[in-house]
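Student:
Residue numbers (the working numbering): 1175 to 1311.
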């Protein structure tokens, strides 16, 4: 009876609080990302608390942005003991999003401060129409 209630509760909260197997699996976690479009750039913001800066990788290819990394459980002793609540994701994560406009990926800049990753990418300069005046001979 209690096991069924635990299963139902685990499903209701996305199996993050009850299911220890999810915590220990090799499955990658998905990263929450905000994408903001400004007049001349795209700004991507994501919280990656617990990740070391050297474990974070950012790639831009055409209109795709990929963020990869790893968060290690900050406990030295993870063997014996009981997990009472397991909501935080620890392990590898990856996320790829389609950017809303063409960007200059080679000019992207990333900043990681207080667990927040901020990526700024200039928009691609769009060719503008230039009128050409015809001179008569």
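All C-beta atoms, glycine included, are put in the ideal place defined by N, C-alpha and C.
Kindly identify the DSSP beta-bridge partner or partners of residue 1362.
Tutor: Residue coverage of the chain in this structure runs from 1175 to 1311, which leaves residue 1362 outside it and unanswerable.
Student: Taking Cβ to Cβ, would you say residue 1216 is nearer than 8 Å to residue 1272?
Tutor: Not a contact, by the Cβ cut-off of 8 Å.
Student: What number of angstroms, rounded off, separates the C-alpha of residue 1198 from the C-alpha of residue 1266?
Tutor: Its pLDDT being 48, under 50, residue 1198 is placed unreliably by the model, and nothing is read from it.
Student: Using the rule of at least 16 other Cβ atoms within 10 Å of the residue's Cβ for burial, across every protein chain shown, is residue 1291 buried or exposed?
Tutor: Per the 10 Å Cβ criterion, buried.
Student: Among residues of its own chain, excluding the 5 on either side of residue 1245, which ones have a beta-carbon nearer than 6 Å to its beta-carbon?
Tutor: Taken in chain order, the residues that qualify are 1224, 1225 and 1264.
Student: How many angstroms separate the CA atom of residue 1284 from the CA atom of residue 1205?
Tutor: Distance between the alpha carbons of residue 1284 and residue 1205: 16 Å.
Student: Is residue 1268 helix, strand or coil when you go by DSSP?
Tutor: Three-state result, residue 1268: strand.
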